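J.:
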Amino acid sequence: MKRACFLLCTIALVGCDRPTDAPRSAPSVQATPSVSPALPSSVEGPAARTAAPSVVPQGSEPGPSSGSSLVTFDTDPVGAPAPSFESVVGDWYAADEAGAHSLKVDGAKWRNGTPSASLADQAKRLYGDRYAEFLDGVKAFAFFPFAVWKQEPPSGDVRVSTRFYPIAGRIDQAAGIAFAISPDGTYQGVRVNALEDNLLYFRVVKGKRTIIDNVRDVPTPTKTWHTLSLELLGAHLTAFVNGQKRFEKTLDKAPQGRLGLWSKADSQVLFDEFKVEPLSVETPASKPKFNPAQDP
12 MKRACFLLCT
22 IALVGCDRPT
32 DAPRSAPSVQ
42 ATPSVSPALP
52 SSVEGPAART
62 AAPSVVPQGS
72 EPGPSSGSSL
82 VTFDTDPVGA
92 PAPSFESVVG
102 DWYAADEAGA
112 HSLKVDGAKW
122 RNGTPSASLA
132 DQAKRLYGDR
142 YAEFLDGVKA
152 FAFFPFAVWK
162 QEPPSGDVRV
172 STRFYPIAGR
182 IDQAAGIAFA
192 ISPDGTYQGV
202 RVNALEDNLL
212 YFRVVKGKRT
222 IIDNVRDVPT
232 PTKTWHTLSL
242 ELLGAHLTAF
252 VNGQKRFEKT
262 LDKAPQGRLG
272 LWSKADSQVL
282 FDEFKVEPLS
292 VETPASKPKF
302 NPAQDP
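With this note's numbering applied, the sequence shown covers 12 to 307.
#1: Are the Cβ atoms of S172 and K264 separated by less than 7 Å?
#2: Just verifying my parser: in three-state terms, what is the DSSP assignment at K161?
#3: For G271, which of D87, T235 and S98 has the nearest alpha-carbon?
#4: Taking the DSSP output, what are the residues bridged to P177?
#5: Decide yes or no for the touch test of the region 156-167 against the region 216-225: beta carbon pairs closer than 8 Å, at least 3 of them.
#6: In chain order, what residues of the same chain lie with their CB nearer than 6 Å to the CB of K298, ignoring the 5 residues before and after it?
#7: Taking the C-alpha atoms as reference points, what is the distance between I222 and R170?
#8: Name the residue from L243, T238 and G268 whose alpha carbon lies nearest to the alpha carbon of F282.
#9: So, for A179: in the same chain, excluding its five sequence neighbours on each side, which residues have a beta-carbon less than 7 Å away from its beta-carbon?
#10: Let me know if Q184 comes out buried or exposed under the rule of 16 or more other beta-carbons within 10 Å of its beta-carbon.
#11: Is the number of C-beta pairs between the region 197-215 and the region 250-261 that are closer than 8 Å three or more?
#12: Would you kindly check if the distance between the Cβ of D87 and the Cβ of A105 is under 7 Å?
#13: On the criterion of 16 or more Cβ atoms from any shown chain inside 10 Å, does T231 qualify as buried, or is it exposed?
#14: Between N225 and L248, is the Cβ-Cβ spacing less than 7 Å?
#15: Could you round the C-beta distance between A274 and V116 to whole angstroms and report it? I think they count as a contact, below 8 Å.
#16: At the level of alpha carbons, what is the spacing between G167 and D107?
#17: Pick helix, strand or coil for D117, following the three-state DSSP scheme.
#18: In angstroms with no decimal places, state the Cα-to-Cα distance between S291 and P165.
#19: Given a threshold of 16 other Cβ atoms within 10 Å of its Cβ, counted over all protein chains shown, does V229 qualify as buried or as exposed?
#20: Please classify D224: does DSSP put it in a helix, a strand, or coil?
#21: Taking the alpha-carbon of P177 as reference, which of I192, R227 and A119 has the nearest alpha-carbon?
#22: Use the C-beta contact count for E163: other C-beta atoms within 10 angstroms, 16 or more gives buried, fewer gives exposed.
#23: By the DSSP assignment, the beta strand (DSSP E) with D107 in it spans what residues?
#24: Can you name the start and end residues of the beta strand (DSSP E) that I188 belongs to?
#25: Would you check if the distance between the CB atom of I182 and the CB atom of A111 is smaller than 7 Å?
#26: Once the 5 residues before and after R269 are set aside, which same chain residues still bring their CB inside 6 Å of it?
#27: Give the DSSP bridge partners of Q255, in chain order.
Listed below in structure tokens is the structure:
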């Protein structure tokens, strides 16, 4: 009885993501000229990286451009932090589970969120002289685990994607991508949740999370590999789940800032194949002019 009461109190404190909630080796980062399209959710285990279809199904994400960055975590020591990410909040470490060597966020020991023990040093590496401002913002929302990609994102339009595998979590099994992570610790994000079958777009400003949009009927069953992808074309945001477009919105302005991975509360989730792909948009001026003499 006491344990049940404690759990109910914990859930009440954290809150679930409902519409009413509105407010060893070098880093395994490598440049790749092309990236395989998003995998279907039914592809699991070691075959997941080799079973990608040769043709992207109709209605799925367009093909990637050249010059993308890919983080596979394949050479990261098991049980150690990933060299390519700053694990700012929560327990993040390399794991060899579900047929993949990946990055795991482990909320099994979650205690209303715990900032990294080396948070000050991490903040200095990310934002230099503005690290104190970042510290103040991060401490205010420490029950949202997130890890910041160490590399500067490309300027202009970009696609960000990751494979994820929900393992466990009684309160949440959330997997998300954070973007526009600013020196003051504010950011935006899109997340899915295996326990709620929905997708949220949200903002965290000065420690307060505000849910902006909630898309229902977006299933991401537990213990199955899925893919979450975002496209940022100027101020236009589009989100894909398992290759299908599930959300789009025109933001107030084009987002700027760092990128990262996001989770919530007691979620235990694997992340793999974090991809950042610059996108080029063909403008009318760049299109070849029509020449009747050359028309066959």
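Each residue gets a CB set at the ideal place from its N, CA and C atoms; glycine is no exception.
Since we're looking at a predicted model, the values are computed, not measured.
T.: The short version:
#1: Translated into positions along the sequence shown, residue 172 becomes position 161. Translated into positions along the sequence shown, residue 264 becomes position 253. No, these two residues do not count as a Cβ contact at 7 Å.
#2: The residue you call residue 161 lines up with position 150 of the sequence shown. K161: coil per DSSP, three-state reduction.
#3: Residue numbering aside, residue 271 sits at position 260 when the sequence shown is read from its first letter. Of D87, T235 and S98, the residue nearest in Cα terms is S98.
#4: As a first step, residue 177 must be located in the sequence shown, where it is residue number 166. According to DSSP, P177 bridges with V280.
#5: no
#6: Position 287 of the sequence shown holds residue 298. Caution applies to K298, whose pLDDT of 44 falls short of 50 and renders its modelled position unreliable; the value that the coordinates give is listed next. Excluding sequence neighbours, K298 sits near nothing in its chain.
#7: For the purposes of this step, residue 222 is identified with residue 211 of the sequence shown, where counting begins at 1. For the purposes of this step, residue 170 is identified with residue 159 of the sequence shown, where counting begins at 1. In a straight line, the C-alpha of I222 is about 22 Å away from that of R170.
#8: Within the sequence shown, residue 282 is the residue found at index 271, counting from 1. Ranking L243, T238 and G268 by CA distance to the CA of F282 puts T238 first.
#9: As a working mapping, residue 179 is identified with position 168 in the sequence shown. Only Q279 meet the Cβ criterion.
#10: Here residue 184 refers to the residue found at position 173 when the sequence shown is read from its first residue. Result: buried.
#11: yes
#12: The residue labelled residue 105 in the question sits at position 94 within the sequence shown. The residue labelled residue 87 in the question sits at position 76 within the sequence shown. Their beta carbons are under 7 Å apart, which means A105 touches D87 by this criterion.
#13: Along the sequence shown, read from residue 1 onward, the residue named residue 231 stands at position 220. So T231 ends up on the buried side.
#14: Here the question's residue 225 lines up with position 214 in the sequence shown. Here the question's residue 248 lines up with position 237 in the sequence shown. The Cβ-Cβ distance between N225 and L248 does not fall below 7 Å.
#15: Position 263 of the sequence shown, counted from the start, is the residue given in the question as residue 274. Position 105 of the sequence shown, counted from the start, is the residue given in the question as residue 116. According to the sequence displayed, residue 274 carries Ser and not Ala. Confirmed, about 4 Å.
#16: Within the sequence shown, the letter at position 156 stands for residue 167. Within the sequence shown, the letter at position 96 stands for residue 107. Roughly 35 Å between the two C-alpha positions.
#17: Within the sequence shown, residue 117 is the residue found at index 106, counting from 1. In this structure, D117 counts as strand in the three-state DSSP scheme.
#18: Along the sequence shown, one-based indexing puts residue 291 at 280. Along the sequence shown, one-based indexing puts residue 165 at 154. Going from the Cα of S291 to the Cα of P165 covers about 11 Å.
#19: Taking the first residue of the sequence shown as 1, we reach residue 229 at position 218. Flag for V229 reads buried.
#20: Position 213 of the sequence shown, counting from 1, holds the residue named residue 224. Three-state DSSP puts D224 in a strand.
#21: If you number the sequence shown from 1, residue 177 lands on position 166. If we check each option's Cα against that of P177, A119 comes out closest.
#22: As a position in the sequence shown, residue 163 is number 152, starting the count at 1. E163 comes out exposed.
#23: Residue 107 sits at position 96 when you count from the first residue of the sequence shown. Per DSSP, D107 belongs to the beta strand (DSSP E) from W103 to E108.
#24: Stepping through the sequence shown from its first residue, residue 188 is reached at position 177. It spans A185 to I192 - the beta strand (DSSP E) in which I188 sits, taken as one unbroken run.
#25: Taking the first residue of the sequence shown as position 1, residue 182 is located at position 171. Taking the first residue of the sequence shown as position 1, residue 111 is located at position 100. No; because the gap between Cβ atoms is not below 7 Å, this pair is not in contact.
#26: Here the question's residue 269 lines up with position 258 in the sequence shown. V159 and I192, listed in sequence order.
#27: Here residue 255 corresponds to residue number 244 of the sequence shown, with the count starting at 1. Its beta-bridge partners are V252.
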